[in-house]
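Take 1 as the starting number for the sequence shown in full-length UniProt numbering and just add one per residue.
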Amino acid sequence: MNLLSQLLNPKSVAVIGASSQPLRAGNVVMKNLLLGGFNGTIMPVTPKHPSVCGVLAYPNIESLPLKPDIAILCTHASRNIELIRQLANQGVQYAIIVSADMYEMADSVHTILDICLDIAKQSQMRILGPNSLGIILPWLNFNASFSPATALRGNIAFLSQSAAVCTTILDWANEKKIGFSAFISLGNASDIGFADLLDYLSTDRHTDAILLYVDNIHDARRFMSAARAASRNRRILVVKSGRTQQGNNAAIQHTGGAQSLDIIYDSAIRRTGMLRVNNMHELFAAVETLTHSIPLRGERLAIVTNGGGPAVMAVDTLFERGGKLANIEPELMDELDKALPASWSRSNPIDIVGDADSQRYIVTLKTLFDSKNIDAILVMMSPSAVASADETAQALMDLIKQDPRAKRFNILTNWSGEMTVNQARLKLSQAGIPTYRTPESAVGAFMHLVEYRRNQKQLMETPSTSEAVDLVSMTAAKQWIAESLANSDDAVHFDTHELTTFFHYFQFRLLPTYIAADAAESVVIAEKIGYPVAVKLHSPDIMHKSDVQGVMLNLRNHNEVANAAQAILDRTELHYPAANIQGLQVQAMAKITGAEELRVKVKLDDTFGPVILLGQGGSEWDESLDAVAAIPPLNMTLARYVINRAFQSGKLRPQKQANSIDTQALSEFLVRLSQMIIECPQIEELDIHPLLVHQQDMTLLDVDLTLRAFHGDAQNRLAIRPYPSELIERWQDKRGVDILVRPILPEDEPQHAAFIQRVTKEDLYKRFFSEVGEFNHEALANMTQIDYDREMAFVALQGSHIIGVSRALINPENTDAEFAILVRSDLKGIGLGKKLMGKIIDYCREKQTLRMSGITMPTNQGMLALARGFGFKVEIYFDDGVAEMNLPLIERHEL
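Given below as structure tokens:
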């Protein structure tokens, strides 16, 4: 059972600070609970009134007749420490804090919130807030909120850190008759956060879609894991505030949190399969789309309109956002030619002319319903003196209801205008047909569906492999870092000329680079390297060498080198007389004909840990505007998506020729860089400016590296747990055959499919409790693309063939791991099942999971004997046809 079940399915509530004074929080909450029709126990707590809103009040928490499931604190922050302590003493598990003043200092060191959280943690109490508007659970008639409006019943869960956004959405949704399964204000999310709620709502029977309004997140790994798991089961849309630096500062002031670039949040949202919308306007459109839309089957859009101008605006928006117009079949164009006026557009958008009545719309749509090239249809209508907006809307609703072919398409509508079309829009919305005021918002809503589909496809795509850095090179690289940081806990900086050896371990190529003290030494070095060469200023005080024309290229003899070097030094002394000049870099000249100069940067983000930034670069490069972000670990598929996104967003703009950047080679570069980041936690910052790319050739020209000694678990700094290579093991079975046992990889999908084909139907039935046919790609992706922070699967390989798998699916609270084991049917009796069982038990025990559990069939005697051998308690229920296996691993008091 999810630990939030009681919070989101309460039977009783205490209102601490209940009040008879209108507009006080304690009064509004009481009225909302009573007016909502909550069928549970409502207990106002106040020493000031014998009753509140006609309900008997209790003078203090100790006098309550029963322990409430939830206590909502409508009190001033100064009282909350004592109140939280009293609730903890009574064993109350959930508290909602409305107060926004919890960051006031309680003593010289701690805020009020710090002390309240410490008390709650010791008693295993969970806190929602502070600065929370409360929660509304429409299916339970439960409105424990400070909101001026309640929520209707529906299938969307809304989670927000902003109370103002909550009330705005509620006001809009009630006018639209859009309902919610849960409406939850997280406030500052100091304890209960998005991850906790996503874990619960992703399996909630009333919730089909989840909408998030995020100021910031506090635990990136928990958020990423929960969001990735939830997005496999529910549609999730995210509005992230703080897209600009100034907006991010305002968000931090609002709900706390750390500084993070918006592009990093954007990458995180895409990585988890969710969809981001950018503003309140898109938020409203997103709710409309979520409420009424069916899953999108494709991206090809047809537009039917009675006005050319609005259709042009729709097409502009479609292509600006990377959408596609459908190519309508010639035979259908012929059919339309017969039915429509001679002046119709004869193309998509299908302009059926300004005097189009409802019948003309219907004839057009019926024809398009026979198309195999169309996935979605946008029906647009501008106000017309000769055609009724209401009548056309009604005809469209009747057609969609009566024609079964309509179910094959996503149908959206845009009835433009206000007074003459408002009722028509309302009718369409109430009939479950998404409708929008403007062409841009209608197309934006369609692109929400397209982008969501793309993110989900990315989540399920089978990765390709990239050659890993070999163990010998990795060991040598780590030794280089250890020697470089010997006797230093401070940051140590390295320039290009010092890094050739280190980057060679990761197969990165740096041009030969040396430091010269003056022009004469520059000539000596140039003669040694060989011409042509480049000479560059080397000064930590001058950020842009171009300020003093500090880079001279293609120097072909000693005279050119001497003159260029001296000129650089003279200009620098003239313009920056106080600058620290550390000499001149003399570098072999790269082949730049047809090459692109990119910038790649690694930085530590306060929220997400190490991230990779990729962009075109240049002297005016602004990482927040000119780059896309990638969160390690990367594989080839993820790297390719990052590069494609950089091209689509204009962050990579080939200057020389269209094929100057080889996506495969750049993907391999990013994957190796990701491996470097994961294995070398001492990397604090890395700036490659530029990376010279010419098709498959990657050359690092200028590199700045900052290292700092690292202490602790290197994996904990990463937002996504990387592949746990430390769990790889070699083992010999009873036949003496060498077997490799390792965690599963996403790239294992083809081998996993082949493995299942070698398991008998009887064994598959015992494993899955049903007849199993061929597994599709989505099912196999779920088996192989696992979150190593929450799930583990070990595969046993004989050569390149998978011969056995053991799994543990661990719940978010880490209290239970559901395990399963499957061995190839022709390889039983070699000790493989025992090995895989021991491996998965050791893993769960190391993770400090409280217990393991599994089910099988009573006839699966081999599995039951194996479980008993490892100490599982086995209970057989013949009436139900199941056998349960349970193994305690660790007691709570041992944690």
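Ideal Cβ positions, reconstructed from N, Cα and C, are used throughout, including at glycine. Note that the coordinates shown come from a computational prediction; the quantities given were computed from them, not determined experimentally.
Span of the alpha helix (DSSP H) around residue i
i, result
"HIS493", "Not the alpha helix (DSSP H): HIS493 falls in the beta strand (DSSP E), residues 492 to 494."
"GLN582", "It is not in any alpha helix (DSSP H) - GLN582 carries neither H nor E in the DSSP assignment."
"ILE677", "663 to 679"
"ASP316", "308 to 320"
"GLY26", "25 to 36"
"SER484", "471 to 484"
"THR167", "163 to 176"
"ARG300", "Per DSSP, ARG300 belongs to no alpha helix (DSSP H); it is in the beta strand (DSSP E), 300 to 305."
"THR500", "500 to 504"
"ASN373", "Segment: none, ASN373 is in no alpha helix (DSSP H) and carries neither H nor E."
"GLU726", "Note, GLU726: premise wrong, no alpha helix (DSSP H); not H, not E."
"ILE362", "358 to 368"
"GLU461", "First-last for GLU461: undefined, no H or E at that position."
Spatial neighbours of residue i in its chain, beta-carbon cut-off 6 Å, leaving aside the 5 residues before and after
i, result
"ALA719", "ALA220, ARG221, MET224, PHE608, GLY609 and ILE631"
"ARG742", "ILE728"
"MET447", "ARG321 and GLY323"
"SER99", "ALA77 and PRO130"
"PRO341", "VAL353"
"VAL882", "ILE855"
"MET102", "ALA77, ILE112, LEU113 and PRO130"
Boundaries of the beta strand (DSSP E) in which residue i is found, first to last residue
i, result
"GLN732", "729 to 732"
"GLY615", "609 to 615"
"ALA629", "627 to 630"
"PHE158", "152 to 160"
"LYS603", "596 to 605"
"MET380", "376 to 381"
"SER12", "12 to 16"
Own chain residues within Cβ distance below 8 Å of residue i, not counting five before or after
i, result
"ASN659", "GLN695"
"HIS777", "MET460, THR462 and GLU749"
"SER488", "ALA709"
"HIS558", "VAL523, ALA526 and GLU527"
"PRO722", "PRO632, PRO633, ILE678, GLN715 and TYR788"
"PRO690", "GLU597, LEU598, ARG599, GLY617, LEU701 and ASP702"
"GLY831", "ASP733 and LYS734"
"MET397", "LYS427, LEU428, ALA431 and ILE433"
Residue i classed as buried or exposed, judged by whether at least 16 other C-beta atoms fall within 10 angstroms
i, result
"ASP355", "exposed"
"GLN785", "buried"
"SER181", "buried"
"LEU66", "exposed"
"ASP191", "buried"
"GLU331", "exposed"
"THR317", "buried"
"ALA302", "buried"
"GLY615", "buried"
"GLY799", "exposed"
Residues bridged to residue i [DSSP beta-bridge criterion]
i, result
"TYR641", "Answer is none; TYR641 lacks a bridge partner."
"HIS694", "ASP697"
"PHE142", "LEU137"
"GLU331", "None; GLU331 has no bridge partner."
"PHE183", "ILE136 and PHE158"
"TYR436", "ASN414"
"TYR58", "VAL45"
"LYS324", "ARG300"
"ASP704", "ASP687"
Heavy atom of the ligand HEM within 7 Å of residue i beta-carbon
i, result
"THR513", "Of ligands this structure carries none, so the ligand HEM is not represented either."
Chain-order list of residues whose beta-carbon lies under 7 Å from that of residue i (same chain, five-residue window excluded)
i, result
"SER202", "ALA229, ALA230, ASN233 and ARG234"
"ASN886", "ARG851, SER853, PHE872 and LYS873"
"THR500", "LEU510"
"GLU282", "GLY444"
"ALA781", "MET460, THR462 and GLU749"
Interface flag, residue i vs chain D, CB-CB below 8 Å
i, result
"ALA579", "No chain D is present in this structure, which holds just one protein chain."
Complete beta strand (DSSP E) runs within the UniProt domain "N-acetyltransferase" (739 to 890) (minimum length 3 residues, chain order): Those beta strand (DSSP E) runs which fall completely within the UniProt domain "N-acetyltransferase" (739 to 890) and span 3+ residues are 791 to 798, 801 to 810, 816 to 823, 851 to 856, 873 to 877 and 882 to 888.
Within the stretch 253 to 288, ranges of the beta strand (DSSP E) (whole runs, at least 3 residues): Taking only runs of at least 3 residues, the beta strand (DSSP E) segments lying wholly in the stretch 253 to 288 are 275 to 277.
Report the residue ranges of all alpha helix (DSSP H) runs contained in full by the stretch 509 to 571; include only those spanning at least 4 residues, in chain order. Runs found: 519 to 529.
Every unbroken beta strand (DSSP E) inside the stretch 199 to 244 [3 residues or more]: Every unbroken stretch of the beta strand (DSSP E) spanning 3 or more residues and falling wholly within the stretch 199 to 244 is given here in chain order: 209 to 214 and 235 to 240.
Enumerated in chain order, which unbroken segments of the beta strand (DSSP E) with a length of 3 residues or greater are wholly contained in the stretch 64 to 99? Listed in chain order, the complete beta strand (DSSP E) runs (minimum 3 residues) inside the stretch 64 to 99 are 70 to 73 and 94 to 97.
Unbroken stretches of the beta strand (DSSP E), 3 residues or longer, contained in the stretch 103 to 138: For the stretch 103 to 138, whole beta strand (DSSP E) runs of length 3 or above, ordered along the chain, are 126 to 128 and 134 to 137.
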